[in-house]
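Asker: Pasting a structure here, questions to come.
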Amino acid sequence: MRLGPVCVRIGAPITVDDTEKGVRQATRRSRVAVIARAALPITKPDSAARRRISALACSRWGVVAVSQWSFAEGLWWPLVPEVTLFLVLLAAPHRWRVLIPVAVLANVAGGLAALLLTSGGISTPQPLITDDMRQTVAAQVSQEGVSALEHQPLAGIPFKVYAAEAGRADLSPIAFASEAVLVRGSRIAVLGLLFAVLGLALRRRPQAYLFVVVPALLAFLIGLGLVVAGWS
Numbered sequence: 000m001r002l003g004p005v006c007v008r009i010g011a012p013i014t015v016d017d018t019e020k021g022v023r024q025a026t027r028r029s030r031v032a033v034i035a036r037a038a039l040p041i042t043k044p045d046s047a048a049r050r051r052i053s054a055l056a057c058s059r060w061g062v063v064a065v066s067q068w069s070f071a072e073g074l075w076w077p078l079v080p081e082v083t084l085f086l087v088l089l090a091a092p093h094r095w096r097v098l099i100p101v102a103v104l105a106n107v108a109g110g111l112a113a114l115l116l117t118s119g120g121i122s123t124p125q126p127l128i129t130d131d132m133r134q135t136v137a138a139q140v141s142q143e144g145v146s147a148l149e150h151q152p153l154a155g156i157p158f159k160v161y162a163a164e165a166g167r168a169d170l171s172p173i174a175f176a177s178e179a180v181l182v183r184g185s186r187i188a189v190l191g192l193l194f195a196v197l198g199l200a201l202r203r204r205p206q207a208y209l210f211v212v213v214p215a216l217l218a219f220l221i222g223l224g225l226v227v228a229g230w231s
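Heads up: the sequence shown runs through residues 0 to 231, numbered per numbering that gives the first Met the number 0.
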C-alpha cells in the first residue's frame, strides 16, 4: 500500500428526512461528494518566481537566453554561464538535456570569437579583469599553448582571458575550441547536472526557490569580488 496526502473538507450540512428513502438519498449524496472531493488535486504552495523561470526555461526564449548569456561570457560578459544554468535548472531540472549542451557550445563559440577578434588586432572589453590575470595567462599560453586552458577551472581567471591571449599568441582556433569543449565544457556540464539534481530535490518545497537562489547569488557575487581582489 502506498501512502499519500489526505485532504478533508467539511461542507454544508445535509438535511436528512426521517424516512428510509431520505436516509438512502442523503447517504448517496454524501458518498458522491466525498469521491468528487478526493479526486481534486492537492497542489503544493509554489513560488511565482519559480513558475516564471520554469516557463521561460521550457520555451525557446529560455534556450536563447542561455545561449546568449554563455556566448557573451566567452567574449566579454563578466558573469559565468553557470549562473544562468543555476537559475533555470533549479526551476526546471528536466531541461538539463537541452540547456547544458547549449551553454557549453555557446560559451566555446564566444571564446572562439574572442580569439579570432584578438588575433585580428581587435581588443574585446574585459570588465573585472586585472593586469595580473592577463600576465599570468599570457605566460601560461606562451609556455603550454592550448593546454594552458587546463588551469582555467581552478585559477579563478575567466575563460575569455585565455581566449584573448590565445588569439594574441596566434594559436590554432580549432585546437583551442577542441580543448575548450573538454576543459571548459566539462566544468559547465558537471555544475549544470548538480543544479538539476538540486532542482529535483527542491520539487518537494517549490516555494523555497527564492530562499535558495538569493543567498546563492549573493555568495557568488561575494566570491567574485574576492577573486578580483585577490588578483589585484
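Idealized CB from N, CA, C, for every residue including glycine.
Predicted model only: the values in this text are computed from it and were never measured.
Reducing DSSP to helix, strand and coil, say where T117 ends up.
Answerer: Residue state, collapsed to three classes: helix.
Asker: So V107 packs on A56, CB below 8 Å; how close in whole Å?
Answerer: That pair is no contact at about 21 Å.
Asker: Note down, one range per segment and in chain order, each alpha helix (DSSP H) of at least 4 residues found wholly within the segment 137 to 185.
Answerer: Taking only runs of at least 4 residues, the alpha helix (DSSP H) segments lying wholly in the segment 137 to 185 are 151 to 154, 158 to 167.
Asker: Quick one: what does DSSP say I128 is sitting in, helix, strand or coil?
Answerer: Looking at I128 - three-state DSSP - the assignment turns out to be coil, as it is neither helix nor strand.
Asker: Please decide whether V189 counts as near chain B, where near means a Cβ-Cβ distance under 8 Å.
Answerer: Given the protein chain composition of this structure (a single chain), no chain B is represented.
Asker: I need the straight-line Cα distance from D130 to L192, nearest angstrom please.
Answerer: Straight-line Cα distance between these residues: approximately 34 Å.
Asker: Mind reading off the beta-carbon distance from Y161 to V180? Whole number of angstroms is fine, and I expect it under 8 Å.
Answerer: That belief does not hold up - the Cβ atoms of Y161 and V180 are roughly 14 Å apart, past 8 Å.
Asker: If G73 and A138 are in contact, beta carbons under 8 Å, what's the gap, nearest whole angstrom?
Answerer: About 21 Å separates the two Cβ atoms, so there is no contact after all.
Asker: Between L104, P214, W76, which has its C-alpha nearest V62's C-alpha?
Answerer: Nearest option by C-alpha distance: L104.
Asker: Would the beta-carbon of L89 fall within 8 Å of that of V189?
Answerer: In this structure, V189 does not lie closer than 8 Å to L89 by Cβ.
Asker: Give the straight-line distance between the Cα atoms of G120 and E178, rounded to the nearest whole angstrom.
Answerer: Distance between the alpha carbons of G120 and E178 is about 23 Å.
Asker: Have a look at L272 and V65 and give me their C-alpha separation to the nearest angstrom.
Answerer: The question about residue 272 has no answer, for the chain in this structure spans 0 to 231.
Asker: Could you give the first and the last residue of the continuous alpha helix (DSSP H) run that contains S46?
Answerer: S46 -> no alpha helix (DSSP H), and no H or E assigned at all.
Asker: By a C-beta neighbour count over all protein chains shown, 10 Å radius and 16 as the cutoff for buried, is A200 buried or exposed?
Answerer: That one is exposed.
Asker: Between R167 and T123, which are expected to be in contact by the criterion C-beta below 8 Å, what is the C-beta distance as a whole number of angstroms?
Answerer: Contact doesn't hold; Cβ gap of about 12 Å is too wide.
Asker: State yes or no: is the C-beta of W95 within less than 8 Å of the C-beta of A215?
Answerer: No, they are not a contact pair.
Asker: In three-state terms, what does DSSP make of V79?
Answerer: Note: V79 maps to coil in three-state DSSP.
Asker: Since L98 and L84 are thought to touch, with beta carbons under 8 Å apart, how far apart are those beta carbons, to the nearest angstrom?
Answerer: The pair is a contact, with the Cβ atoms about 6 Å apart (cut-off 8 Å).
Asker: Does the beta-carbon of P92 have 16 or more other beta-carbons within 10 angstroms, so that it is buried, or is it exposed?
Answerer: Counting Cβ neighbours within 10 Å, P92 comes out buried, since at least 16 surround it.
Asker: State the start and end residues of the unbroken alpha helix (DSSP H) segment that holds P214.
Answerer: Per DSSP, P214 belongs to the alpha helix (DSSP H) from 208 to 229.
Asker: Could you compute how far the alpha carbon of Q134 sits from the alpha carbon of P44?
Answerer: Cα-Cα distance, rounded: 51 Å.
Asker: At the level of alpha carbons, what is the spacing between I163 and W75?
Answerer: According to the sequence provided, residue 163 is Ala. The question's Ile does not apply to it. Approximately 10 Å between the Cα atoms of the pair.
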